[in-house]
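From first to last, the protein sequence lines stand for chains A and B. Residue numbering for the first sequence follows my numbering, starting at 0 and increasing by one per position. Residue numbering for the second sequence follows my numbering, starting at 918 and increasing by one per position. Cβ coordinates follow ideal geometry from the N, Cα and C atoms, glycine included. Given the structure is predicted, the values throughout are model-derived calculations rather than measurements.
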Amino acid sequence: MVLSKLKAFYDFWYDFIVGDDWRVAIGVVVALSITWGISGSRFPAWWLVPAAVVLLLPYSLWRAVRTS
Amino acid sequence: MSSAALFIAVFLACAVEAVEATTIVLAAGTARDWRSALTGVAAGLGLLAVIVAGLGPALTAIPLQSLRLVVGGLLLVFGLQWLRKAILRASGHKALHDEEKIFATELSAAGAAEAHQVGYVRDWYSFTLSFKGVVLEGLEVAFIALTFGSNQKNIPLAALAAVSAVVVVAAGGVAVRAPLARVPENSMKFVVGVMLTSFGTFWGAEGAGAHWPGSDAALLVLVPLYALFGVLLSVALRPRPGAKLAYSAEA
């Protein structure tokens, strides 16, 4: 009983935060981490997150279409 | 970001979720008991108000750069999910959100359940159905309103946009006493997905220490570019004429 409630709680927050494709969430975290890593250097870092969006969105869509 | 963009983003996100919550409440009220259903709505809105009141001041106390990193990341994940769903629907790979169908399903389930009274609540099923509908649909919107508002240091305007959307949608639901099937939910989800992805990108990168060329003006480039990218993906994913299509099993 307690376990099923904990699982329901976990499922709710997983669905709320991560959603349908966990790869997108991981990709966002990786992109922000790399941005943070290189923002201290002399190289510009602003383009990394948009580039991640341009890669992640079609990839996630492609996976969804392929499995539909 | 201008106040208008803040208002539009929060209003649209809130309106989409409010339409979905209205369908659930209408089904609970129509099939069973209006008083219990509306009590569930009041309890749900009360809980959301407590969450917003508790989290709002807490968010404003967090240093802006950390707030932008975390909130930007979350908004980006939310935005990409909204955009992904909208593109799958627009390209025909996912069934369009159909409020009339959802209403019929909820109505049938509500009609089959047994009634029992719990304390002041005459029909517990109607109460819990409405309560869950309002809280679950409202939680994401409360988060969006709070984070947009706190990032822009204008929580009152975000709250006004959220409340306006709820009032407009609820008034529409009361007026027609039927699911708001004519609201262009899928297009609105696309617009909200573009806005969340754009602001998530902007704030997330800024929070991670990046400096945008043109500062805030970069948003004026991000929003149309992401919108164009989304439209192009929808067109590219459209199946060729005559191709057989199965809908994605995702919710």
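The C-alpha of glutamate 1017 of chain B is placed about 17 angstroms away from the C-alpha of serine 1047 of chain B.
In the DSSP annotation of this structure, arginine 1039 of chain B is not part of any alpha helix (DSSP H), being labelled neither H nor E.
When DSSP states are grouped into helix, strand and coil, proline 1101 of chain B belongs to the coil group.
Identification of chain B residues near aspartate 20 of chain A by a Cβ-Cβ cut-off of 8 angstroms yields Gln998, Arg1001, ordered along the chain.
The beta carbon of glutamate 1057 of chain B sits closer than 9 angstroms to some beta carbon of chain A. Going by beta carbons, glycine 1131 of chain B and valine 1138 of chain B fall inside the 9 angstroms limit. Under the criterion of beta carbons closer than 8 angstroms, valine 936 of chain B and glutamate 1123 of chain B do not qualify as touching, at roughly 32 angstroms. Interface with chain B (9 angstroms Cβ-Cβ cutoff): valine 23 of chain A is included. The closest CA to that of arginine 1155 of chain B, considering only B:Phe928, B:Gln982, B:His1010, is found on B:His1010. Restricting attention to B:Leu986, B:Phe1146, B:Leu1113, B:Phe1044, the CA atom closest to the CA of aspartate 950 of chain B is found in B:Phe1044. Taking 3 residues as the shortest admissible run, the stretch 946-975 of chain B contains no complete beta strand (DSSP E) segment at all. Across the structure, glycine 961 of chain B and leucine 972 of chain B are spaced so that their CA atoms are roughly 17 angstroms apart. Within chain B, Leu986, Gly989, Gly990, Leu993, Gly1121, Ala1122, Gly1124, Ala1125 have C-beta atoms less than 9 angstroms from the C-beta of leucine 31 of chain A, given in sequence order. Contact between valine 933 of chain B and methionine 1105 of chain B holds: their C-beta atoms lie close to 5 angstroms from each other, under 8 angstroms. Look at the stretch 1035-1090 of chain B and you find these whole runs of alpha helix (DSSP H), each 4 residues long or longer: 1041-1068. Counted as a single uninterrupted DSSP element, the alpha helix (DSSP H) harbouring tryptophan 61 of chain A occupies residues 47-66. Straight-line spacing of the CA atoms in threonine 1114 of chain B and valine 27 of chain A works out to 11 angstroms.
The continuous stretches of alpha helix (DSSP H) do not include arginine 41 of chain A, and DSSP gives it neither H nor E. Alanine 1125 of chain B places its beta carbon 9 angstroms or farther from that of leucine 55 of chain A. No residue range can be given for isoleucine 979 of chain B, since it is assigned to no alpha helix (DSSP H) and is classified by DSSP as neither H nor E. Spanning the alpha carbons of alanine 50 of chain A and leucine 992 of chain B requires a straight line of approximately 16 angstroms. Our two residues, alanine 954 of chain B and tyrosine 1037 of chain B, have alpha carbons roughly 12 angstroms apart in a direct line. When only Cα atoms are considered, tryptophan 46 of chain A and alanine 1026 of chain B end up about 49 angstroms apart. Take the alpha-carbon of valine 1085 of chain B and the one of leucine 1074 of chain B: they are about 16 angstroms apart. For glycine 990 of chain B, the secondary structure class from DSSP, reduced to helix, strand or coil, is helix. Distance from the CA of valine 1051 of chain B to the CA of serine 40 of chain A, rounded to the nearest whole angstrom, comes to 47 angstroms. Inclusion of valine 969 of chain B and asparagine 1068 of chain B in the CB contact set at 9 angstroms is not warranted, their separation being larger than that value.
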